[in-house]
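If you're matching them up, the sequences are chains L and Z in order. Here this note's numbering is used: the first sequence runs in plain steps of one and ends on residue 780. Here this note's numbering is used: the second sequence runs in plain steps of one and ends on residue 909. All C-beta atoms, glycine included, are put in the ideal place defined by N, C-alpha and C. Below is one structure; the comments refer to it alone.
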Amino acid sequence: MNKESSSTQVAVVGGGPGGYAAAFRAADMGMTVALIDVEVNPGGICLYRGCIPSKALLHAAYVLNESRHAANWGITFAPPKIDIDKLRAWKDGVVRKHTGGLGQLAKSRSVRYIQGYASLTDARTLRIEKNGGEPERLSCEHIILATGSRPATLPGFPKDSKRIWDSTSALELPSVPKTMLVVGGGYIGLELGTVYAALGSEVSVVEMMPGLLPGVDRDLVTPLAKRLEKTFRAIMLNTKVAAVKEENNGLRVKFEGEAAPAEERVYEAILVSVGRKPNSAIPGLDKTRVEIDARGFIKVDGQRRTAEPTIFTIGDVAGEPMLAHKASHEGFVAVEAIAGHKAVFEPQAIPAVVFTDPEIAWCGLTETQAEKENRTIKTVRYPWAASGRATTIDRNDGVTKLLIDPATERILGVGITGVNAGEMISEGVLAVEMAAKAADLKLTIHPHPTLSETVMEAAEVFFGQSTHLYRPKKK
Amino acid sequence: MATEFRLPELGENIEAGDVLKVLVAVGDVIKADQPVLELETDKATIEVPSPVGGTVRSLHVQDGQKLKVGGLILTVEEGSAAPTAMKAPTKVEAARQTDVKADAQAPVAAVAAKKEEPRPAVKAAERPAAPPAPRRAPLPETPPAAPPPPEPEIPRVAAPASPSVRRLARELGVNIDEVPGTGRDGRISEDDVKAYVKMMMMTTPAAPPTGAPLAAAPLPDFSRWGEVERQPMKSVRRKTAQHLAQAWSTIPHVTQYDKADITELEQLRKKYEAEAEAAGGKLAMTAIAVKVIASALKVFPQFASSLDLAREELVYKKYVHIGVAVDTDRGLIVPVIRDADQKNILQISVELARLAEKARNRKTTFEDMEGGVFTISNLGGIGGTAFSPIVNWPEVAILGIARGRMEPVYINGLFQPRLMLPLSLSYDHRVIDGADAARFLRWVVQALEQPFLLPFEG
Chain L
306 MNKESSSTQV AVVGGGPGGY AAAFRAADMG MTVALIDVEV NPGGICLYRG
356 CIPSKALLHA AYVLNESRHA ANWGITFAPP KIDIDKLRAW KDGVVRKHTG
406 GLGQLAKSRS VRYIQGYASL TDARTLRIEK NGGEPERLSC EHIILATGSR
456 PATLPGFPKD SKRIWDSTSA LELPSVPKTM LVVGGGYIGL ELGTVYAALG
506 SEVSVVEMMP GLLPGVDRDL VTPLAKRLEK TFRAIMLNTK VAAVKEENNG
556 LRVKFEGEAA PAEERVYEAI LVSVGRKPNS AIPGLDKTRV EIDARGFIKV
606 DGQRRTAEPT IFTIGDVAGE PMLAHKASHE GFVAVEAIAG HKAVFEPQAI
656 PAVVFTDPEI AWCGLTETQA EKENRTIKTV RYPWAASGRA TTIDRNDGVT
706 KLLIDPATER ILGVGITGVN AGEMISEGVL AVEMAAKAAD LKLTIHPHPT
756 LSETVMEAAE VFFGQSTHLY RPKKK
Chain Z
452 MATEFRLPEL GENIEAGDVL KVLVAVGDVI KADQPVLELE TDKATIEVPS
502 PVGGTVRSLH VQDGQKLKVG GLILTVEEGS AAPTAMKAPT KVEAARQTDV
552 KADAQAPVAA VAAKKEEPRP AVKAAERPAA PPAPRRAPLP ETPPAAPPPP
602 EPEIPRVAAP ASPSVRRLAR ELGVNIDEVP GTGRDGRISE DDVKAYVKMM
652 MMTTPAAPPT GAPLAAAPLP DFSRWGEVER QPMKSVRRKT AQHLAQAWST
702 IPHVTQYDKA DITELEQLRK KYEAEAEAAG GKLAMTAIAV KVIASALKVF
752 PQFASSLDLA REELVYKKYV HIGVAVDTDR GLIVPVIRDA DQKNILQISV
802 ELARLAEKAR NRKTTFEDME GGVFTISNLG GIGGTAFSPI VNWPEVAILG
852 IARGRMEPVY INGLFQPRLM LPLSLSYDHR VIDGADAARF LRWVVQALEQ
902 PFLLPFEG
């Protein structure tokens, strides 16, 4: 029982984009740092089973779709041959390259990367079970928990069925099923549904809410919903799965609700994408003063410190929104707080992007939120039908909108739907963070012809003087 | 032509005031020099006149608000033309109704997948009884990190400042929402934050090592024990609190007590009372005390001095301006009687009546309160046997007068009823020795007991 024992100033549990960013920042600030994760290299869900592999596959889907789209302009290709093994290998290569790079970065910074499972012995001690060898006892001045989240599951589905997937199994690209049911019309279901539809699956989506992407402003969802109606076989809203039965040739599904088909349907695979749950059941957490809220998130203050002063928590397990870039910035705040700085996590805008085709991106205030809070705002929209650049790529299915405070004319929120919306939203985030006014966006020269001009022209709409959009003046 | 009227410089060290009452409204036609608002500054209430006449086009202040020197009060359209309201440019479509369910969680934008929970480690029994000592020194009980600042309450529209400026304010311990921005529409720059910090440091006197600074320890929640009501500190109260806290914490106070037999003086006072009233004054003990002190300061000049610690000098004043504490409904005010040594008691009583009236009508000016060398506080009108006043810094002494009463005094083998006036002299022990203070107060007592001494010695 002679366990290995060591100590560190900061121990980060979880090597995702929150955890590794925190560990690297702490090392850059001169602390001794240990980073603990079960994988060979840092990266977490985001790199191994999330953002990065899904974006690689979505890029493939985009190319496939564009090759068909080109028929509109007189260019036709032979139907694509899809080598699923090679596609998978390429995707895995992307992940390997990226996670390997992070491993190198950890080494160069002298961050001690420990592959293993951590549990808490007390508020300052971790016990790390490694693959083989004695468990290690690690004394820490501070611990940062960055354990992330996992896909939520639904009761009543057959257990251990190879045909029932979550986002992790879907990203492994086991096969391209002929028919696929996506349960849950949130961003994960729509992104992966888009991938499999492009690869040749006949995809149906069932969503219990009255619209896709619940919570997102409806005007942003509309252009995507229109396109998905053509891409997907069916979108069943206000509908639920009543029963699933495994059969030899697939899963027999009974629906109930507004759009439920009269007869049962059989699908080769079902993707369950009904949200994510925080990984707060960390062994030994009960030996500390750390508190967990009703939804399973670890309670933190503005510095991301828990009720236990030596323990900080960042990322998905610390609360919504569960986004990689939010986790990283929380990590920076936690590390700076540990270093004694008066850092507080109080961004004015956290961008969110749905990487469908078209993409949807927004930041700051949304109309949905403004309505809920009964706030007076001015909303201006610039339809991409008036964008020269959108026309040149034959993708006028987009809109750029600004939410403006009528009293100060400040930009409070930005929403964009369209090709590359995810790249464009950063200008909106900067505008909100810098407390930019509508006039600032209007007076900033944007390059022509680009999709980014729509941001400037939306600001011009606010002043009733958009160059490419004529609206008669209202009295 | 439109003219902006901003709060002009009001006097030395006056940076801001509370707007008591706005006297005009938008659309009013005002004349040049017509007062447009009543402003309560540190110790005086003043009417602020507009330098130009015309029509009030817009008003930027309201009752109760704090106004700084340079702050915009109103815009005046010069000439008689009716003002044309500036209309904001037509804005485009209002927020569209959406049919979305508002209770859904904001969706997130990263595809992510399953990650297993960290596996439970070993059973409790397997944990070592005595953990091996860590290589590092024992960890301190409290981690050496800054305590978390309170969770910020995000305002509906945050302060117009960039993230780096907000961070700077946080690092300097400043609430960004309180920093006045000098940029367009109040935009806050890095320099604004620095200037604000500088201003705060200059207006808040550095807490002395032993004294109690104004900002005290956190208060308990009084409402736990019953109903409470909170009222903002008025300008006078704020200034008094700040001033007295500073005086109390920097000056080593000693109070000397004595009693004066004013039986004869009271007879004289009654005799001349009518004369003073005819002149518009009131022959109160305060007026007599002002004259006595004015004379005493000639004999004991160090009681009218000030301590210049920075230069290690005593500043002796060749003038005899005496402050008199006046109780008003807004709090304590100390107007000053100029050259009290060159005035007779009758003149002083008339001037006192005038200053008291002014104070109660909130008309006291800064000039009325400047330049005192010694202060008298007479609480005898209310009652009490004795009290210890606090020296009105930068002065070095203050005389407190309580209520005179008939007491048996042992004179020539007999107890006789005498009217005794309790006096207390608080002084700055850095400047004045106890023996001098006792001599000074004895001198004052004797002057009151034998008014004849005043012209003789004073």
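Rounded to whole angstroms, how far is the Cβ of residue i from the Cβ of residue j, which I believe are closer than 8 Å?
i                : j                : result
Ala565 (chain L) : Thr544 (chain L) : 5 Å
Leu495 (chain L) : Val511 (chain L) : Between Val511 (chain L) and Leu495 (chain L) the Cβ distance is about 12 Å, and since that is not below 8 Å, they are no contact.
Leu870 (chain Z) : Thr714 (chain Z) : 5 Å
His403 (chain L) : Leu362 (chain L) : About 15 Å; that fails the 8 Å criterion.
Gly504 (chain Z) : Leu458 (chain Z) : In fact, because the Cβ distance is near 18 Å, the residues do not count as touching under 8 Å.
Ala451 (chain L) : Val318 (chain L) : 6 Å
Name, in chain order, the residues that DSSP records as bridge partners for residue i.
i                : result
Gln901 (chain Z) : Its beta-bridge partners do not exist; DSSP assigns none.
Ala692 (chain Z) : For Ala692 (chain Z), which the question treats as bridged, DSSP gives no partner whatsoever.
Gly505 (chain Z) : Z:Ile481
Leu518 (chain Z) : Z:Gly468
For residue i, which option in the options has the closest C-alpha, if you only look at C-alpha atoms?
i                : options                                   : result
Leu619 (chain Z) : Z:Ser640, Z:Ala609, Z:Arg635 and Z:Arg881 : Z:Ser640
Leu758 (chain Z) : Z:Glu622, Z:His880, Z:Leu510 and Z:Arg638 : Z:His880
Phe804 (chain Z) : Z:Glu728, Z:Pro611, Z:Lys482 and Z:Asp514 : Note that residue 804 (chain Z) corresponds to Ala in the displayed sequence, not to Phe. When each option's Cα is compared against that of Ala804 (chain Z), the closest is Z:Glu728.
Val527 (chain Z) : Z:Asp484, Z:Leu623 and Z:Asp514           : Z:Asp484
Glu477 (chain L) : L:Gly324, L:Ala623, L:Ala394 and L:Thr696 : L:Ala394
Tyr723 (chain Z) : Z:Ser615, Z:Leu797 and Z:Phe891           : Z:Leu797
Val622 (chain L) : L:Asp427, L:Ala586 and L:Leu746           : L:Ala586
Asn436 (chain L) : L:Ile698, L:Asn584, L:Ala423 and L:Met336 : L:Ala423
Val761 (chain L) : L:Gly489, L:Ala642 and L:Ala691           : For the record, residue 761 (chain L) in the displayed sequence is Met; it is not Val. Nearest C-alpha to Met761 (chain L): L:Ala691.
Tyr325 (chain L) : L:Arg776, L:Ala763 and L:Gly620           : L:Gly620
Val644 (chain Z) : Z:Asp712, Z:Ala610, Z:Trp676 and Z:Glu489 : Z:Ala610
Val368 (chain L) : L:Ile387, L:Ile730, L:Pro515 and L:Ser310 : L:Ile387
Met650 (chain Z) : Z:Ile481, Z:Met736, Z:Arg675 and Z:Ala467 : Z:Ala467
Give me the Cα-Cα distance between residue i and residue j, rounded to the nearest whole angstrom.
i                : j                : result
Val546 (chain L) : Phe660 (chain L) : 26 Å
Ala316 (chain L) : Ile721 (chain L) : 39 Å
Gly835 (chain Z) : Arg854 (chain Z) : 6 Å
Glu552 (chain L) : Asn725 (chain L) : 41 Å
Glu678 (chain Z) : Asp672 (chain Z) : 11 Å
Arg715 (chain L) : Ala736 (chain L) : 9 Å
Lys809 (chain Z) : His511 (chain Z) : 29 Å
Asp333 (chain L) : Ala411 (chain L) : 11 Å
Asp778 (chain Z) : Ile784 (chain Z) : 7 Å
Ala327 (chain L) : Phe650 (chain L) : 14 Å
Asp471 (chain L) : Ala339 (chain L) : 31 Å
Gly831 (chain Z) : Glu680 (chain Z) : 32 Å
Gly753 (chain L) : Asp710 (chain L) : The sequence given here places His at residue 753 (chain L); Gly does not occur at that position. Rounded to the nearest angstrom, the two C-alpha atoms are 28 Å apart.
Ile750 (chain L) : Glu765 (chain L) : 12 Å
Gly555 (chain L) : Tyr572 (chain L) : 5 Å
Pro463 (chain L) : Pro482 (chain L) : 18 Å
Glu613 (chain L) : Ala457 (chain L) : 28 Å
Arg686 (chain L) : Asp702 (chain L) : 13 Å
Lys749 (chain Z) : Arg621 (chain Z) : 54 Å
Thr549 (chain Z) : Val577 (chain L) : Bear in mind that a pLDDT of 35 at Thr549 (chain Z), under 50, signals an unreliable position, so the model cannot answer this.
At a Cβ threshold of 9 Å, is residue i touching chain Z?
i                : result
Pro652 (chain L) : yes
Leu529 (chain L) : no
Met739 (chain L) : yes
Thr722 (chain L) : no
Val649 (chain L) : yes
Lys464 (chain L) : no
Asp710 (chain L) : yes
Thr772 (chain L) : no
Quick one: does residue i have its CB under 9 Å from some CB of chain L?
i                : result
Val559 (chain Z) : In this prediction, Val559 (chain Z) scores a pLDDT of 37, lower than 50, which makes its location untrustworthy; no coordinate-derived value is stated.
Glu622 (chain Z) : yes
Ser613 (chain Z) : yes
Arg618 (chain Z) : yes
Asp642 (chain Z) : no
Arg681 (chain Z) : no
Arg547 (chain Z) : For Arg547 (chain Z), the pLDDT reaches just 36, beneath the cut-off of 50, and the residue's location in the model is therefore unreliable, although a value from the coordinates is still provided. Judged by the 9 Å Cβ criterion, Arg547 (chain Z) is in contact with chain L.
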